[in-house]
Structures are given as structure tokens and as C-alpha cells.
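Asker: The working numbering numbers the first residue of the sequence shown as 167 and each following residue consecutively.
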Amino acid sequence: MNPLVNSIKTNLDNLNFESAALKVATESTGPTAPVFKFFNTDTGTHFYTAAEAEKDSIIANLPSFNFEGTAYRVDPVMG
């Protein structure tokens with residue numbers, strides 16, 4: 167497992183590792199989907215979503231989340 171994931175699992179008891187949430191596209195092999203990035207000014211952390219409706223809802227309803235644009239693109243289908 168990735169050393170960063172191991173460190174998080176070891177040191178952050180309040181987080182539960184479930185599984186990979188997405189697959190990052192390393193090259194253009196077909197259609198990709200944007201992953202949107204927000205900065206939460208209350209907690210100093212980032213939040214990511216690939217859901218357009220969720221992005222729009224956060225922009226409209228959560229002023230402490232600053233929209234930072236598209237962070238990267240992913241394969242729209244997990245294998």
C-alpha cells in the first residue's frame with residue numbers, strides 16, 4: 167500500500183480508509199471527467215467532488231468553501 171495511505175491510517179484515527187475513490191487518468195485514452203476542488207476556510211482542508219450537481223450546490227450554499235476549479239481529470243468508470 168502507498169506509504170502516504172499507511173501514514174494516514176496509522177496517525178489519523180478519526181478517518182476510515184474504505185477503498186480507492188477514483189482512478190486518475192495518466193494519459194488521454196478516452197473520455198475523462200473533471201474533479202472539482204474546494205478549499206474549506208473553516209477547517210483549512212480541501213474537498214473534492216466529481217459530481218457537477220454537488221459542485222453547484224456547494225457553490226450556492228456553502229460560502230466557507232472556495233471553489234478552486236478543476237483539480238484534475240479522472241476515468242469516469244472505475245475498473
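We put the CB at the ideal spot given by N, CA and C, even for glycine. In this text, all values refer to a predicted model and were calculated from it rather than measured experimentally.
(1) Suppose you measure from the CA of F231 to the CA of H212; what does that come to, to the nearest Å?
(2) If we call anything under 7 angstroms between Cβ atoms a contact, is T242 one with A199?
(3) For N172 and V240, what's the separation of their Cα atoms in angstroms?
(4) To test your reading of the DSSP string, which unbroken beta strand (DSSP E) runs of 3 or more residues are found completely within the stretch 178-231?
(5) Taking E218 as the reference, which of T209, T207, F233 and F205 has the closest Cα?
Answerer: Concretely, from the data shown:
(1) Translated into the one-based positions of the sequence shown, residue 231 becomes position 65. Translated into the one-based positions of the sequence shown, residue 212 becomes position 46. Cα-Cα distance, rounded: 9 angstroms.
(2) One-based indexing of the sequence shown puts residue 242 at position 76. One-based indexing of the sequence shown puts residue 199 at position 33. The sequence given here has Pro at residue 242, not Thr. The answer is yes: Cβ separation under 7 angstroms.
(3) Walking along the sequence shown from the start, residue 172 turns up at place 6. Walking along the sequence shown from the start, residue 240 turns up at place 74. If you take the alpha carbons of N172 and V240, they lie about 23 angstroms apart.
(4) 199-206 and 211-215
(5) Position 52 of the sequence shown, counting from 1, holds the residue named residue 218. Checked all of T209, T207, F233 and F205; the closest Cα to E218 is F233.
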